[in-house]
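So the sequence lines, in the order shown, correspond to chains Z and P.
The numbers in our numbering rise by one with no breaks, and the one at position 182 of the first sequence is 182.
The numbers in our numbering rise by one with no breaks, and the one at position 118 of the second sequence is 1118.
Remarks on the structure that follows.
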Amino acid sequence: MMAPLLDVQGLEISLRTGDAARPLVHDLSFRIEAGEALCLVGESGSGKSVTALALMGLLDPKKLRPTAGRAMFEGQDLLALPPDRMRALRGHRIAMVFQEPMSALNPVQRIGDQIAETIREHRGTSARDAESQAVDLLDLVQVPDAKRRAREYPHQLSGGMRQRVMIAMAVALRPALLIADEPTTALDVTIQAQVLSLIDDLRRELGTAVLLITHDLGVVAEIADRVLVLYAGRAVEQAPVATLFDAPEHPYTAALIQSIRHLQNFAEGDRLIEIPGGMPAPGRWVEGCAFAERCAYALPDCATRLPDFRRRAPEHFAACWRTPPFGGAGK
Amino acid sequence: MLGYVAVRLLSAIPVLGIVAVFVFFLLTMIPGDPAQVIAGDFASPEQVQQIRAALQLDRPLAERFVAWALRLASGDFGKSLFSGIPVAQLVGQRIEPTLMLATMTVCIAVAIAVPLGLVAAYKPGGWVARASMTVAVLGFSLPVFIVAYLLVYPFALGLRWFPVQGYVPLSQGLWACLHSLTLPALALSLLYIALIARVTRAAVLEVLREDYVRTAHAKGLAERRVLVRHVLRNAAVPVVTVVGIGFAALLGGVVVTETIFSIPGLGRLTADSILRRDYPVVQALILLFSTVYVVVNLGVDLIYAAIDPRIRY
Ligand SMILES: Nc1ncnc2c1ncn2[C@@H]1O[C@H](COP(=O)(O)OP(=O)(O)OP(=O)(O)O)[C@@H](O)[C@H]1O
Ligand SMILES: [Mg+2]
Chain Z
1 MMAPLLDVQG LEISLRTGDA ARPLVHDLSF RIEAGEALCL VGESGSGKSV
51 TALALMGLLD PKKLRPTAGR AMFEGQDLLA LPPDRMRALR GHRIAMVFQE
101 PMSALNPVQR IGDQIAETIR EHRGTSARDA ESQAVDLLDL VQVPDAKRRA
151 REYPHQLSGG MRQRVMIAMA VALRPALLIA DEPTTALDVT IQAQVLSLID
201 DLRRELGTAV LLITHDLGVV AEIADRVLVL YAGRAVEQAP VATLFDAPEH
251 PYTAALIQSI RHLQNFAEGD RLIEIPGGMP APGRWVEGCA FAERCAYALP
301 DCATRLPDFR RRAPEHFAAC WRTPPFGGAG K
Chain P
1001 MLGYVAVRLL SAIPVLGIVA VFVFFLLTMI PGDPAQVIAG DFASPEQVQQ
1051 IRAALQLDRP LAERFVAWAL RLASGDFGKS LFSGIPVAQL VGQRIEPTLM
1101 LATMTVCIAV AIAVPLGLVA AYKPGGWVAR ASMTVAVLGF SLPVFIVAYL
1151 LVYPFALGLR WFPVQGYVPL SQGLWACLHS LTLPALALSL LYIALIARVT
1201 RAAVLEVLRE DYVRTAHAKG LAERRVLVRH VLRNAAVPVV TVVGIGFAAL
1251 LGGVVVTETI FSIPGLGRLT ADSILRRDYP VVQALILLFS TVYVVVNLGV
1301 DLIYAAIDPR IRY
């Protein structure tokens, strides 16, 4: 069997506070096969973005750094790579699209130049060739009138168009892995669907694996091959998308799915905030299962004994002492 | 764009008009008999009478103003009370040294301060950050005449690389001219290095937090390219502002430096004319400085638009 494209093992990311290091992400393991779409789901503050940034080598080292684990990508450990080797991968083999298309583009550089810059940096292409490739890429991401648009500045484009530009930039060199951190959250609802299906189309067309971070289970249902659910910096469940929706093995996942089924069948923009209570802040994470205090199925010692992330079925993992059915929502 | 420049220049005319009125009434604000004051305590009655005639002080104020304004409009600034030379000629001779000195000072300051501020922001706590902090403190606290002597001793008197004093006009060659201005420009630039480095550092710190800088890193760009293409360009607006104001201030002439290095510039002319109560010259200089300020401001605004495409006129 071939090695997966990305194999993350025991990833821990810590925040430096004074001399102490406080983990924000604990013992996270997952893999992504070539061309596959993995969705990373979890509520705000669960550690999705820091995980993505750690893989990109873009954590601010003065505050955050990976303190344990490996992330093997095409035979190299992303967490241990020297900075210039990591730089050679970024934008080339692994690329990233951010949440805020409004602020993620350089306001004083023409968008064609911003795309061409990536190509020139990694390929040493001539300015003219890179320029024309940039126009082709704008075509690829369905920016109308690409030639003219390439000469415009970000403020002349709508949010949706800017996100298309970000995507064009990210796929410029046909990366093996595209990380998209809530790429549609900042967009109008009607535009969200278009941008998502663009990402999905490109994945099929270019064979790029996608790590998609989202709040939105509607997005998950549409795009994911597999889903990884994060809660308070830990993986709580991982499964193929159909399995996850049909037979969740963790009460948190079950509650999430239920909360959106309450709203009539997957309306757009469903959010994961309908479970009563809130996720504990990183400072006061409990010894045991962090979800225990909100869990309708918690046993007395759930809060003190941490459940293993155990295999429940061939492709299905969950970290819970209990087993389904989990009928009701949270407490 | 061209239309904008025209509008800006036209709208400067009323401003300059107000300055001109102010400049004219400067003379009338002197308490007592202006002719007597200008002539000084030891003047003979004939001299006082001469000045009164030259300034037409015996005519009614309104009439004098109209006559003065009309002459001004035709480019006639009158004659120096001290030397009798036409004011336009007197001032005109002094523009070149000051312009050259100001330009050279600003170029030196920008060339040193911008990289200093950039690195100080990018590597806080590093040796460049500490060095630029030291330069800033020195620049703000050392008077320019001390800096001047600190430079003159080793480089002019000791090594004899540069002349101690004097200005070589452009007509004798650009290099000779720049060479003669090196020490004064260096002495002057210390304050501007301090100022521009501080502003650059603050602006860069702000830009480094922007999302698009993270995007630039995510593209795998080399550090240097991120800093120059993405950070510096976006941090440029406040830097251009201080450089512009600094340039305008330097064009106003720098009395101390011009005196120490005996450069025949506008600063010394201004100081001398004020001491000699040579009113026509002082009036012309104030008008010139106001014009310079208006033009430099316009230049700065045009540079903004060139840097940042979101700014359109
Ligand atoms: N630069 C930082 N400094 C300090 N704490 C941070 C920093 N970045 C993230 N954190 C903390 O790390 C935790 C995880 O943050 P992260 O941004 O990964 O969450 P997320 O899952 O992406 O949330 P969201 O859905 O809101 O984007 C949060 O508790 C957050 O407060
Ligand atoms: Mg996030």
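We treat Cβ as the ideally placed atom computed from N, Cα and C, and that holds for glycine.
Quiz prompt | Which of helix, strand or coil DSSP assigns to Z:PHE266 | solution = Here residue 266 of chain Z refers to the residue found at position 266 when the first sequence is read from its first residue. Low confidence applies here, because Z:PHE266 scores a pLDDT of 48, under 50, leaving its location unreliable and the question unanswered by this model.
Quiz prompt | 9 Å Cβ cut-off: residues of chain P touching Z:ARG90 | solution = Counted from its first residue, the first sequence places residue 90 of chain Z at position 90. Result: HIS1217, ALA1218, LYS1219, GLY1220, LEU1221.
Exercise. To the nearest angstrom, report how far apart Z:ILE273 and Z:GLU43 are at their CA atoms.
Key: By one-based count along the first sequence, residue 273 of chain Z stands at place 273. By one-based count along the first sequence, residue 43 of chain Z stands at place 43. Because Z:ILE273 sits at a pLDDT of 46, beneath the cut-off of 50, its placement in the model cannot be relied upon, and the following sentence gives the value as read from the coordinates. Looking at the two C-alpha atoms, the distance is approximately 7 Å.
Exercise. Compute the minimum distance between the beta carbon of Z:VAL50 and the heavy atoms of ligand 1, and state whether it is under 8 Å.
Key: Walking along the first sequence from the start, residue 50 of chain Z turns up at place 50. Z:VAL50: yes, Cβ under 8 Å from ligand 1.
Quiz item: So with Cβ pairs under 9 Å, would you call Z:SER103 a contact of chain P?
Solution: As a position in the first sequence, residue 103 of chain Z is number 103, starting the count at 1. Judged by the 9 Å Cβ criterion, Z:SER103 is in contact with chain P.
Quiz item: Cα separation between P:ARG1201 and P:VAL1119?
Solution: As a working mapping, residue 1201 of chain P is identified with position 201 in the second sequence. As a working mapping, residue 1119 of chain P is identified with position 119 in the second sequence. Going by the C-alpha atoms only, they are around 8 Å apart.
Quiz item: Straight-line CA distance for P:ALA1235 to Z:GLY57?
Solution: Here residue 1235 of chain P is taken as the residue at index 235 of the second sequence, counted from 1. Here residue 57 of chain Z is taken as the residue at index 57 of the first sequence, counted from 1. Roughly 25 Å between the two C-alpha positions.
Exercise. Identify, in the order they occur along the chain, each residue of the same chain with its Cβ nearer than 7 Å to the Cβ of Z:HIS316, setting aside the five sequence neighbours on each side.
Key: Taking the first sequence and counting its residues from 1, one reaches residue 316 of chain Z at position 316. Contacts found: ALA239, THR243, GLU249.
Quiz item: Nearest CA to the CA of P:ALA1248: which residue from P:ARG1224, P:VAL1239, P:VAL1296?
Solution: Position 248 of the second sequence, counting from 1, holds the residue named residue 1248 of chain P. Ranking P:ARG1224, P:VAL1239, P:VAL1296 by Cα distance to P:ALA1248 puts P:VAL1296 first.
Practice problem: Find the nearest neighbour of Z:ARG70 within the set Z:LEU137, Z:LEU28, Z:SER49, Z:PHE98, judged by alpha-carbon distance. | Solution: As a first step, residue 70 of chain Z must be located in the first sequence, where it is residue number 70. Measuring from the Cα of Z:ARG70, the nearest candidate turns out to be Z:LEU28.
Self-check item: Contact test: Z:ILE223 Cβ vs ligand 2 heavy atom, cutoff 8 Å
Solution: Taking the first residue of the first sequence as position 1, residue 223 of chain Z is located at position 223. No.
Quiz item: CB-CB under 6 Å to P:ASP1076, same chain, minus the five flanking residues each way: which ones, in chain order?
Solution: The residue given as residue 1076 of chain P occupies position 76 in the second sequence. Taken in chain order, the list of residues that qualify is empty.
Quiz item: Can you tell which of P:LEU1090, P:ARG1052, P:LEU1190 has the C-alpha that lies nearest to the C-alpha of P:ARG1268?
Solution: By one-based count along the second sequence, residue 1268 of chain P stands at place 268. The residue with the shortest Cα to Cα distance from P:ARG1268 is P:LEU1090.
Self-check item: Where Z:ARG16 meets chain P, residues with beta-carbon distance less than 8 Å
Solution: The sequence position of residue 16 of chain Z within the first sequence is 16, counting from 1. Near Z:ARG16 there are no residues of chain P at all, since even the closest Cβ is about 15 Å away, more than 8 Å.
Exercise. For Z:ASP7, collect the residues of the same chain with a Cβ closer than 7 Å to its Cβ; drop the 5 residues on either side in sequence, then sort them by chain order.
Key: In the first sequence, residue 7 of chain Z corresponds to position 7, counting from 1. Answer for Z:ASP7: ARG31, MET72, listed in chain order.
Quiz item: Ordered along the chain, which non-local residues of its own chain (more than five positions away) have a Cβ less than 8 Å from that of P:GLY1299?
Solution: For the purposes of this step, residue 1299 of chain P is identified with residue 299 of the second sequence, where counting begins at 1. Closer than 8 Å at Cβ, skipping near neighbours: GLY1244.
Quiz item: Is any heavy atom of ligand 1 found at a distance shorter than 8 Å from the C-beta of Z:GLY218?
Solution: For the purposes of this step, residue 218 of chain Z is taken as residue 218 along the first sequence, with counting starting at 1. Result no, Cβ not under 8 Å from ligand 1.
Quiz prompt | Beta-carbon proximity check, Z:VAL41 vs Z:LEU187, cutoff 9 Å | solution = Reading the first sequence from its first residue, position 41 is the one you call residue 41 of chain Z. Reading the first sequence from its first residue, position 187 is the one you call residue 187 of chain Z. No; because the gap between Cβ atoms is not below 9 Å, this pair is not in contact.
Quiz prompt | Sufficient close CB pairs (3 or more, under 8 Å) joining the segment 85 to 99 of chain Z to the segment 159 to 172 of chain Z | solution = yes
Quiz item: Where does Z:LYS62 land, buried or exposed, given buried means 16+ other C-beta within 10 angstroms?
Solution: The residue given as residue 62 of chain Z occupies position 62 in the first sequence. Exposed, since its Cβ has fewer than 16 Cβ neighbours within 10 Å.
Practice problem: Return the Cβ separation of Z:ARG164 and Z:VAL143 in integer angstroms, given the expectation that the two are a contact with Cβ distance under 8 Å. | Solution: Within the first sequence, the letter at position 164 stands for residue 164 of chain Z. Within the first sequence, the letter at position 143 stands for residue 143 of chain Z. The pair is a contact, with the Cβ atoms about 5 Å apart (cut-off 8 Å).
Quiz item: Which ranges does the alpha helix (DSSP H) cover as unbroken runs of at least 4 residues, wholly within the segment 1065 to 1118 of chain P, from first to last along the chain?
Solution: none
Self-check item: Bounding residues of the alpha helix (DSSP H) (the contiguous stretch that carries P:VAL1023)
Solution: As a position in the second sequence, residue 1023 of chain P is number 23, starting the count at 1. Element bounds for P:VAL1023: 1002 to 1028.
Exercise. Less than 8 Å between the CB atoms is what I'm expecting for Z:ILE223 and Z:LEU196, so what's the real figure, rounded?
Key: On the first sequence, position 223 is the one that residue 223 of chain Z refers to. On the first sequence, position 196 is the one that residue 196 of chain Z refers to. Correct: roughly 6 Å between the Cβ atoms.
Quiz item: Which residue comes first and which comes last in the beta strand (DSSP E) that contains Z:GLU222?
Solution: The residue you call residue 222 of chain Z lines up with position 222 of the first sequence. Segment 217 to 223 is the alpha helix (DSSP H) holding Z:GLU222; no beta strand (DSSP E) there.
Self-check item: Sequence-distant residues of its chain with Cβ nearer than 6 Å to Z:ALA313 (five each side left out)
Solution: In the first sequence, the residue the question calls residue 313 of chain Z occupies position 313. Result list for Z:ALA313: empty, nothing under 6 Å.
Self-check item: Contact residues within the segment 1227 to 1239 of chain P, judged by C-beta distance below 8 Å to chain Z
Solution: ARG1229, HIS1230, ARG1233, ASN1234
Self-check item: Residue span of the beta strand (DSSP E) that contains Z:CYS39, given as start and end
Solution: Locating residue 39 of chain Z in the first sequence gives position 39, where the first residue counts as 1. From DSSP, the beta strand (DSSP E) with Z:CYS39 extends over 37 to 41.
Quiz prompt | Any non-hydrogen atom of ligand 3 within 8 Å of P:PRO1014 CB | solution = Here the bound small molecules are ligand 1 and ligand 2; ligand 3 is not part of this structure.
Self-check item: C-beta neighbour in chain P for Z:ALA95, strict 9 Å
Solution: Taking the first residue of the first sequence as 1, we reach residue 95 of chain Z at position 95. Chain P contact via Cβ: present.
Self-check item: As assigned by DSSP and simplified to three states, the class of Z:GLU231
Solution: Residue mapping note: residue 231 of chain Z aligns to position 231 of the first sequence, counting from 1. Contrary to the premise, residue 231 of chain Z reads as Tyr rather than Glu in this sequence. Strand, per DSSP.
Practice problem: Classify Z:PHE73 as helix, strand or coil using the three-state DSSP reduction. | Solution: One-based indexing of the first sequence puts residue 73 of chain Z at position 73. Note: Z:PHE73 maps to strand in three-state DSSP.
Quiz item: Does any C-beta atom of chain Z lie closer than 9 Å to the C-beta of P:GLU1210?
Solution: On the second sequence, position 210 is the one that residue 1210 of chain P refers to. Yes, P:GLU1210 lies at the interface with chain Z (some Cβ there is under 9 Å from its Cβ).
Quiz item: For P:PRO1060 and chain Z, any beta-carbon pair shorter than 9 Å?
Solution: Working through the second sequence from its first residue, we reach residue 1060 of chain P at position 60. Not one chain Z Cβ lies under 9 Å of P:PRO1060.
Quiz item: Name the DSSP bridge partner or partners of Z:ARG16?
Solution: As a first step, residue 16 of chain Z must be located in the first sequence, where it is residue number 16. Looking at the DSSP assignment, Z:ARG16 forms a beta bridge with Z:ALA21.
Quiz item: Regarding Z:GLN99 and ligand 2, is the C-beta to nearest heavy atom distance less than 8 Å?
Solution: As a working note, residue 99 of chain Z is residue 99 in the first sequence. Yes, the beta carbon of Z:GLN99 sits closer than 8 Å to at least one heavy atom of ligand 2.
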